[in-house]
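Input: a single structure, listed below in structure tokens.
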Amino acid sequence: MLDNLTIEKTSKLLSEKQVSALEITNNYLKKIKDSNKLNCFITVSDEKAIDAAKQTDKRISNNEKIGLLDGVPLAYKDLFCTDGILTTASSKILSNFIPTYESTVTANCKNQGVVVLGKLNCDEFAMGSTNKTSFYGPVINPWKSIGNDEDLVPGGSSGGSAAAVAADLCVASLGTDTGGSIRQPASFTGLVGLKPTYGRVSRWGTVAFASSLDQAGPISKTVEDAAILLETISGHDNKDSTSSLKENELFYSNLNSSVKNLKIGVPKEYMSDDLPEEIQKFWNEGKKILTENGAELVEISLPSTNIALPAYYIIAPAEASSNLSRYDGVKYGLRVKEKSLIEMYESTRSEGFGDEVKRRIMIGTYVLSSGYYDAYYIKAQKIRSIIKNDFDNVFKNVDAIFTPATPNTAFPINREEVDPVQNYLNDIFTVPANLAGLPAISIPFGLDNSGLPIGMQLITNSFEEQTLLNISKNLQDTINFSNQPTQWWA
Ligand code: GLN
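The numbering of the sequence shown is the numbering used here, which starts it at 254 and goes up by one.
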């Protein structure tokens, strides 16, 4: 009864008094203890979790009406500042940083009575697609290829957030998505991952990577759970000037699964001979399901798709180089003692940041430098506008866009790395939605011949998350993906 819980199921068990929040929490804490091989958690906040669970139980025994998330054990990517709980961004430079404040996103969850099990491993400062750039070591995907014991990456950067839900170490989790970091790991682990419209969710108190692209969102087992979490974390926040003034929406209660008369675009630029046959197969199957269920498929064109990735890998590092200048050994985290101030800055940053972060800071500094600003940064910004225009044109005629989420499935941790660009290519299908600020979701579709999950992506126009969730529910209910990884780690 306590395994593979969704938010909906947990809430039902609690409100019907079939089990206590403490029992559920203890069960998860035990499973986390047995999961060291996966390396999902950087910090387990067991005492706080037990306290929160007891408070839920008190509310239930007083017959207070509890909300859907009250007493539900979740875990957060270690990028969200949590009051009194270590927050590292998976970096050595923040290895001793205990915030005295709570990010808006996690504060919203706290207000609903969520039980926080701990903080999840990710790529350092959310830079990566493998979770291998973490100072705390890689996360191991709970899924394995059939008949092959090799460890696989869970995707990244929210690799811990995906692996922990897939391994059932928490009911659902929160991640962040700057170029695909929620959708790609969700796709690699057979889960639902949602990146909201830019501005839907406050960024306050979330460690910044590229501020014009970053959005927090849920990774969950079902579309319903994604709707519940999105509803909880979204809303205007005075502390984030880019957060939207839009009224909160009731995504969960308004969920319906009809796709009748919806027009769904399939971009011809996403079709390629390089796309693995099995991903192509599920993409075709999805198109068939949508048509059979009453939607109309339309071939569309997003002509600038091929320049999205290069533009992203200029804009994101540029913003990162600026955001990460605050880690100087003075205000936060690590300080390496040296004789002079300049030497202290240098040693702190050299020792505190890992290779990928240093690479991004150097690329970012280069493209922002006066001699190259026009050639790289301004050009990339122009491309960003063109990409947004492409989407604006398409959304005059369609309600959603349907594509694969990733160009490949989970790959071996020990895959030989030719160069960093090989990893950057993971984001080819996800990055355009970030550049255009659009909401997008990855939903599990099936397994490839090696038994590894494949996800498909839907993108809608800004603030059309309800349509995004409704189409996803239609696909989810038709496909009925219920596979789980075989437990080998405990
Ligand atoms: N993989 C992409 C990168 O490395 C996206 C990361 C993210 O979305 N945080 O930049």
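Built from N, CA and C at the ideal position, the CB exists for glycine as well.
Asked, Found
"A653: first and last residue of the uninterrupted beta strand (DSSP E) it sits in", "653-657"
"Pairwise C-alpha distance: I435 and S343", "16 Å"
"Candidates T278, Y451, K311, N280: closest to A689 by CA position", "Y451"
"Under the three-state DSSP convention, the category T720 falls into", "helix"
"Cβ neighbour criterion (16 or more within 10 Å) applied to F741", "Here the sequence assigns Trp to residue 741, which means Phe is not the residue at that position. Classification of W741: exposed, given that the 10 Å Cβ count is below 16."
"Beta carbon of L444 nearer than 8 Å to that of A419", "yes"
"Euclidean distance between Cα positions of S497 and I399", "45 Å"
"M380 CB to nearest heavy atom of ligand 1 below 7 Å", "yes"
"Spatial neighbours of K641 in its chain, beta-carbon cut-off 8 Å, leaving aside the 5 residues before and after", "L688, A689, G690"
"Distance, T278 Cα to S298 Cα", "11 Å"
"Nearest neighbour of N679, chosen from K262, S440, E531, P692 [CA to CA]", "S440"
"Which listed residue (A663, I732, E717) has its alpha carbon closest to that of I704", "It is Gly, not Ile, that sits at residue 704 in the sequence shown. Selected option, being the one with the closest Cα: A663."
"Nonlocal neighbours in the same chain, by C-beta distance under 6 Å from D490, ignoring five residues either side", "T357, S455, W457, S496"
"Residue closest to K534, alpha-carbon to alpha-carbon, out of E355, T720, D323, N702", "N702"
"The stretch 548-562 / the stretch 349-369 touching (three or more Cβ pairs under 8 Å)", "no"
"Option nearest L275 by Cα separation, candidates G428, D627, A306", "A306"
"For Q308: DSSP bridge partner residues", "According to DSSP, Q308 bridges with nothing at all."
"Check whether N576 and A415 have beta carbons under 8 Å apart", "no"
"Local Cβ density within 10 Å of G547, reported as buried at 16 or more and exposed below that", "exposed"
"Residue from N374, D402, V424 whose Cα sits closest to the Cα of G409", "N374"
"Start and end residues, alpha helix (DSSP H) containing D430", "Here D430 belongs to no alpha helix (DSSP H); instead the beta strand (DSSP E) covers 425-430."
"Beta carbon of T720 nearer than 8 Å to that of Y523", "no"
"Span separating the alpha-carbon of V368 from that of I472", "16 Å"
"Y677 in three-state terms, based on DSSP", "helix"
"For M254: DSSP bridge partner residues", "None, per the DSSP bridge assignment."
"Beta-carbon proximity list for L321, same chain, < 7 Å, skipping 5 on both sides", "I260, S264, I481"
"At least 3 beta-carbon pairs within less than 8 Å: the stretch 579-596 vs the stretch 526-546", "no"
"Euclidean distance between Cα positions of P660 and E317", "48 Å"
"Reduced DSSP category for V684 - H, G, I as helix; E, B as strand; rest coil", "helix"
"Cross-strand partners of P395 (DSSP beta bridge)", "Per DSSP, none; premise fails for P395."
"Status (buried if at least 16 other CB within 10 Å, exposed otherwise) for S574", "buried"
"Three-state secondary structure assigned by DSSP to P706", "strand"
"C-beta atoms of V620 and A564 nearer than 8 Å", "no"
"T431 CB to nearest heavy atom of ligand 1 below 7 Å", "yes"
"Supposed contact pair N257 and D421 - C-beta distance, whole angstroms, cut 8 Å", "5 Å"
"Whole-Å CB distance - T558 paired with C362, under 8 Å assumed", "Incorrect: roughly 35 Å between the Cβ atoms, too far for contact."
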